[in-house]
Structure formats: C-alpha cells, structure tokens
Amino acid sequence: MRDREQRRRDETLPMRRYLRMPIDDVLDALEPVARAGRPRVALMLTVLAMVVVWFAYVPVHELLHAVGCRLTGGTVSRLEIAPAYGGTLLARRCSWITAGGTYAGRLSGFETHGSDAVYLATCFAPFLLSIFPGVWILRRCVNRPRPILLGAGVVLGLAPFYNLPGDYYEMGSILVTRALTILSPQPSGLNEPSPATAHRTSRNPPTAPSRASDAPVKDAGGDGEPVPTASESQEKSEPPIDPPHSTNLNGARFASIRSDDLVRLVGDWARRPERLGLSSARERLAAGVAMFASLLLGMVLAWSTYLLGRGIPAAPQRSTRPERPAP
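Position one of the sequence shown corresponds to residue 2 (my numbering), numbered consecutively onward.
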C-alpha cells in the first residue's frame with residue numbers, strides 16, 4: 002500500500018499532483034485487483050488483456066493516423082502494417098495498405114498539402130481513444146476488481162505517455178518549428194534535409210505503432226514508391242535510410258527536426274547532422290534547443306490529453322477502499 006501521508010503532501014503541490022496523476026490512477030486501479038479473491042489470477046488476466054488489446058490497438062492506431070489525415074484534407078498513399086498485426090488481411094481490403102515493413106505499423110506515405118493543421122490532426126487522431134474510452138476505462142477500475150478492463154485501460158489510457166518520444170514529440174516539433182518560422186523567417190528549404198537524405202523515421206522499436214517522416218517524396222508514376230537517387234545508392238556502407246515520402250515540411254524553419262522517432266533523430270543530430278541539413282555548429286546548437294523545446298511541449302500536450310480524458314466522469318460506483326484523508 003502506498004504511503005498516504007506522502008500522497009497527502011503531493012496533493013498540496015499541484016504540479017507534482019498532475020505529474021503523478023496517471024501513475025496514481027493506475028495504482029488505484031491495481032489495488033482492487035491485488036485484493037481480489039485470487040489476486041494472481043486477476044493479475045494474469047490483466048497482463049493477458051494488455052497483450053490482446055495491444056495487438057488490436059497497433060493497426061487501429063495507424064488507421065486512425067490515416068483517417069485523421071484524410072478527414073482534414075490530406076491524402077494517404079501508403080500504410081505499412083506487419084503481418085503479425087493483421088497487415089495481410091487489411092492489405093487485401095485496402096489498396097494503400099501494405100503488409101510488411103520494419104515496424105509493427107507505419108504510415109509511410111501521406112501528404113498534408115502544406116497544412117500544419119492537417120499534420121497535427123494526423124498525429125493526434127489515434128489519441129482520441131485515450132481521451133475516451135481509455136482514461137474513462139482506467140478510472141472505472143478504481144472501485145472494483147476489473148482485470149480485463151484494466152488491461153485495456155492501461156494500453157489505451159496511457160498511450161500519450163509511451164508515445165512521448167514519438168507522436169507527441171512530433172506534435173511539439175510542428176508547433177515549435179512553426180513558431181520559429183513566424184518569429185524568425187528565413188528562405189524556405191534552409192535546414193531541410195536534401196531529398197537523398199531526408200527522412201522522418203519511425204518512433205519506437207519494431208513492436209510499437211509508428212509512422213514515417215514528413216520529407217520530400219520522390220514518386221514513380223504516382224504510386225507512392227520512392228525512387229532511390231545516386232547519392233542514396235552510394236551510401237552502401239551506412240545503415241539504410243528510411244525513404245522520404247511527402248512534402249509536409251511546409252517551409253518551416255528547422256523542419257528536419259520534425260520526427261516521430263526522437264531517439265533516432267538525436268542520433269543523427271549528434272553523429273550525422275548533415276542528414277538534418279545542419280551545416281554549422283550554430284545551426285546544430287539551435288536545432289538541439291528546438292528539439293528540447295519540442296519534447297517539453299510534447300509532454301505538456303500528453304498530460305493535457307490525459308486530463309481531457311479525466312474530465313469525462315466515470316459512472317459512480319460503490320467504493321471498497323478507505324477514503325483518502327483531506328489535504
């Protein structure tokens with residue numbers, strides 16, 4: 002059991018309370034499961050539910066990226082989903098879905114037509130499931146042991162947080178780079194990677210949903226397949242670069258830091274800044290500051306998403322736990 006005095010002290014500090022809120026909600030939901038008649042069985046059901054919901058959530062997550070793009074005026078040309086996550090079946094039913102790829106799921110071809118609003122909608126669309134029913138389900142598990150619902154609530158409700166180095170960093174980077182462009186405009190193309198090296202790589206290991214970079218596309222006959230350039234073919238000694246697929250850089254300053262894989266982006270920034278179009282130490286430093294600001298803004302957006310979900314009241318239930326002491 003958690004230290005209630007510590008919880009009481011936390012509640013007197015609003016910032017700490019908000020930062021701890023997702024953790025506290027999960028722990029509160031775990032308490033009834035731990036007190037169930039057969040707690041080990043209940044915990045196993047929770048883990049099993051998490052695994053099942055995860056495998057269902059990955060393709061849904063990527064499909065919602067595509068839906069968000071198309072509903073707001075963008076176009077989608079290619080969505081990769083691994084066969085283990087239903088990619089083969091989905092590819093038979095939709096021409097722009099391909100079974101395969103390095104990652105579990107990846108929106109590897111979409112076009113925003115120069116609109117950052119479309120780009121943001123594309124990134125954010127899957128997290129509507131976090132606002133509802135994700136967080137709502139999680140909070141429904143507080144007063145009664147609901148191991149299966151708890152597993153679903155953890156996967157859906159906490160999606161903003163395990164996507165912090167992915168979609169939420171990317172949303173932050175869209176806003177930060179656009180703000181930099183407004184405050185300090187410069188010719189379009191500066192700090193954008195060349196077509197041969199531009200990429201927006203997937204954000205997570207191969208077991209997580211992911212999308213490709215918003216970078217210039219080289220199209221063969223309009224089928225969305227990238228055409229390798231001479232400079233790409235010469236880079237045989239380096240790891241392969243994820244192919245660019247669209248023109249969604251939208252003329253923003255330091256647009257090359259728009260990425261849904263912060264870990265790989267930091268690696269390129271540290272070791273191969275030329276891939277990001279950074280030609281001087283000053284540009285590299287400025288891009289690093291912009292990346293850090295984008296991550297901070299992404300954190301604010303992630304917690305804000307969770308708070309939106311928390312604002313939806315769960316159905317009242319009879320509590321089996323002692324009430325917390327008032328601050």
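Backbone N, C-alpha and C fix where the C-beta goes; we use that ideal spot for every residue, glycine too.
Q: For Ala315, name the three-state secondary structure that DSSP assigns.
A: coil
(Q) According to DSSP, Glu112 sits in a beta bridge with which residue or residues? (A) Thr76
Q. Helix, strand or coil: which one does DSSP assign to Ala43?
A. helix
(Q) Measuring alpha carbon to alpha carbon, tell me which residue in Ser280, Ser260, Thr306 is nearest Phe293. (A) Ser260
Q) Which of the three DSSP states, helix, strand or coil, is assigned to Arg147? A) coil
Q. How about the segment 19-36 and the segment 145-154: do they share at least three Cβ pairs that are nearer than 8 Å?
A. yes
Q: On a CA-only basis, which of Arg283, Leu263, Ala315, Glu275 is nearest Gly360? Give me that one, please.
A: The structure shown does not extend to residue 360, since the chain is modelled only from 2 to 328, so the question has no answer here.
Q. What residue range is occupied by the uninterrupted alpha helix (DSSP H) comprising Thr178?
A. 170-184
Q: Could you tell me how far apart the beta carbons of Leu139 and Val155 are, in whole angstroms, since I believe they sit closer than 8 Å?
A: 7 Å
Q: Locate the beta strand (DSSP E) running through Ala100, then write down its first and last residues.
A: 98-100
Q.
Between the alpha carbons of Ala92 and Ser116, how many angstroms are there, rounded?
A. 28 Å
Q: Take Leu309 as the anchor and find which of Ala282, Pro15, Met22 has the nearest alpha-carbon.
A: Met22
Q) What do you reckon, are the CB atoms on Gly88 and Pro60 nearer than 9 Å? A) yes
Q.
Using CA atoms only, rank isn't needed, just tell me which of Thr178, Glu112, Ser131, Gly38 is closest to Gly312.
A. Ser131
(Q) Using only the alpha-carbon positions, how far apart do Ala85 and Ser295 sit? (A) 33 Å
Q) Which first and last residues belong to the alpha helix (DSSP H) in which Ile138 is found? A) 136-141
(Q) Using a 10 Å radius around the Cβ and a threshold of 16 neighbouring Cβ atoms, would you call Leu121 buried or exposed? (A) buried
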